[in-house]
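For reference, the structure discussed in these notes is given below.
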Amino acid sequence: MTALSAGRIPTIFLSRATPVRWSDEGRGRVSQETGERSASDDAASDAAHAARPLAVPADGAAPAPAATLTHPGPRAVDDLPTQRPAPGVEVLGGPPTDDVPAGHTLPADWFRRLIGVLILGLAGTAAGLLWWAAAASSDGVGEQPTEGLVLGLWSVLYATEAPPTHVAATAVAFALLAAAGTALLERRITNSSRRSADVRTHPLAPKVVMARTRGVFAGPVTVTVLIPAHDEEQSLPGTLASLLGQSHRPERVVVVADNCTDGTVDVARAAGVEVFESVDNTRKKAGALNQALRWLLPGQGDNDVVMVMDADTRLDDGFLEAAVARLSADRALMAIGGLFYGEEGSGVLGQFQRNEYLRYAREMRRRRGRVFVLTGTASLFRPVALRTVAGSRGHAIPGTHGDVYDTAALTEDNELTIALKSLGGLMISPEQCTVVTEVMPSWRALWAQRLRWQRGALENLGAYGVTPKTFPYWAQQLGIGYGVIALMSYLGLILLTVLSVDTWVWFPFWMGLGGLFMVERVVTVWRGGWRARLLAAALLPELVFAAFLDVVYVKGIVDISLGREAGWKHVHVGPGHVVTVTS
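Numbers given in our numbering equal positions in the sequence shown, counted from 1, plus 1453.
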């Protein structure tokens, strides 16, 4: 048996056959199926542990042995692996060290409530200014507008000629300037964080990490996988098979079973992996992961990375090999996120989502791996990054002190990404690290999923406020808000024109713009095959899908502004693709 203890974490005894409970903030229970593991395997594990190099701190302190996998030999608490935490970081519940990351003033409640209205208002103001500029620049010369009647009641004027050349050129220049300015500012912020040597404000900055680990060999990179699962017996076998079939297999796989009522636990044990069962967890996925990490992190060395992946995700072969190579080559790298693609099936609705994911992956490749979100589908973290986040919550970043994941966040992966960036962490999404995740098979399930995503993203911005690290996310939300106004105006004007004219009228300029837009839609999903290209070329169906997402966006803003309680909305796809959505 192995005993683990750190700070407020109670002493735990892990057995290969018997699950044991503990009671405290981070309580849970762990069990492991050994399958056909033999005594020789255990002896080999112990020998590997004994031969593993020690981590030698640069400051001359006593060396700390790197952590190993759980094995049955009895060990005293004093013999446990110990880690030298980063300055300002506690080991999940222990007392903080002297140098704490500098705190910041969290946004007021009114700001959090009105975050969506503020974003939509700013986007509307930008749209109004653009409209005014276009109208003011008109010289009054050209084709006289034609009068039409909407349903024979409302008089409207329309013209078929193109806007003046200088107006079109100004609009294009403005768009390019905004895009270039946003990209340059984002790069400047990123470079500033990478070059920071301030341990109080950026404890995870590359310069700080490199200085702290100079001359330290923490052993080869190992991977421990946590798979949070709530009633996932249908999808879990495929997830486990993709993990165990990797060219670089993970050293340890733990299924975090959270309030399961089906056969999830039995499926995991039958596959020969460990099972951690949450106890009395009411905080959904984030709460279950916090319990598991309180148990796991105290025994993790600097190179014993933790991977968190969804139970409905399958890794493409080579994912872990590429990720481990990156982490081995760059000790300042704190996290690696995967690029996700949608699974086959679910008809046209499934293809909408696959096209959307294809475009996101393409955008990440164009950003050369610069992470926007460390997606919950599959991401790897160095233990020091997770410990620093836990130790910084409550003063430097939002959340409960000692928790890795903020249980108040609807989108815990997005929130953790912002937290790591706020602390200076370096992260990437290599194009070799790809996964396949499920798509929502019904509009009801998609509505629930996207409402949680959109509202969660807005609430995270409300929690962090306006900072250099949140600038890209503000720019994204302003872009979405502007897109909502633009698309609704476009569709509204088309409808208005159709209802006001008696005969079909050709608008060459706008048809030409529509053609360019169609080409862009097709090119951005080219890798998805002929189905993806055909749907993109049709154009109108994807506009309808975009309008659906815009309605979800507005619904999220309304709910936040009215203070409506948010639900996590777990979407479960059972046998025969029967979909259930629970709060």
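Yeah, the Cβ is synthetic: ideal placement off N, Cα and C, and Gly gets one too. Quick caveat: nothing in here was measured; it's all calculated off a predicted structure.
Of the candidates 1973, 1827, 1991, 1780, 1827 places its Cα closest to the Cα of residue 1864. Apart from sequence neighbours up to five positions away, the residues of its chain that approach residue 1870 with a beta-carbon distance below 6 Å are 1826, 1827, ordered along the chain. Across the structure, residue 1964 and residue 1673 are spaced so that their CA atoms are roughly 58 Å apart. DSSP assignment within the segment 1645 to 1689 yields the following whole alpha helix (DSSP H) runs of 4 residues or more, N-terminal first: 1659 to 1666. Under a 10 Å Cβ-count criterion, residue 1663 is classified as exposed, with fewer than 16 other Cβ atoms of the shown protein chains found around its own Cβ.
Contact holds between the segment 1639 to 1652 and the segment 1909 to 1928, because three or more Cβ pairs, one in each stretch, are under 8 Å apart. Counting C-beta pairs closer than 8 Å gives three or more between the segment 1876 to 1896 and the segment 1748 to 1767, which meets the contact rule.
Distance check between residue 1822 and each of 1634, 1813, 1800 places 1813 closest, using alpha-carbon atoms only.
Between residue 1974 and residue 1992, the C-beta spacing is below 8 Å. Within the same chain, and ignoring the five residues on either side of residue 1784 in sequence, the residues whose Cβ sits closer than 6 Å to its Cβ are 1666.
Pairing residue 1856 with residue 1843, the inter-Cα distance amounts to about 5 Å.
A buried status is given to residue 1711, since no fewer than 16 other beta-carbon atoms sit within 10 Å of its beta-carbon. For residue 1790, the three-state secondary structure derived from DSSP is strand. Per DSSP, the unbroken beta strand (DSSP E) holding residue 1705 starts and ends at 1705 to 1710.
The beta carbon of residue 1580 is closer than 8 Å to those of 1935, 1938, 1939, 1942 in its chain, skipping five residues each way along the sequence.
By the Cβ test, the segment 1649 to 1658 is not in contact with the segment 1670 to 1689, since fewer than three Cβ pairs between them sit closer than 8 Å. Exposure of residue 1702 is indicated by the presence of fewer than 16 other C-beta atoms within 10 angstroms of its C-beta. CA-to-CA, the gap between residue 2002 and residue 1838 works out to about 34 Å.
Look at the segment 1735 to 1786 and you find these whole runs of beta strand (DSSP E), each 3 residues long or longer: 1757 to 1762, 1766 to 1768. About 7 Å separates the Cβ atoms of residue 1802 and residue 1896, confirming a contact at the 8 Å cut-off. In this structure, the beta-carbon distance from residue 1777 to residue 1676 falls below 8 Å.
Residue 1779 is positioned such that its CB atom lies closer than 8 Å to that of residue 1881.
The beta carbons of residue 1758 and residue 1726 sit no closer together than 8 Å. Secondary structure note for residue 1727: its beta strand (DSSP E) is the uninterrupted segment 1727 to 1731.
DSSP, read as helix, strand or coil, puts residue 1865 in helix. Here the alpha carbons of residue 1729 and residue 1708 stand approximately 6 Å from one another.
Residue 1957 is bridged by DSSP to nothing; it lacks a bridge partner. By the criterion of a C-beta distance shorter than 7 Å, residue 1775 is surrounded in its chain by 1883, 1885, 1886, once the five residues flanking it on both sides are discounted. Taking each of 1598, 1568, 1624, 1562 in turn and checking the Cα distance to residue 1584, the smallest one comes out for 1624. Comparing C-alpha distances from residue 1770 to each of 1600, 1696, 1740 shows the shortest one belongs to 1696. If you keep only unbroken beta strand (DSSP E) runs of at least 3 residues inside the segment 1871 to 1941, you get 1879 to 1881, 1887 to 1890. The beta carbons of residue 1572 and residue 1931 sit closer together than 8 Å. Per DSSP, residue 1695 has no beta bridge partner at all. If you draw a straight line from the Cα of residue 1804 to the Cα of residue 1989, it is about 10 Å long. Annotated as proximal: residue 1866 and residue 1829, with beta-carbon spacing under 8 Å. In this structure, residue 1858 lies near residue 1739, with their beta-carbon atoms less than 8 Å apart.
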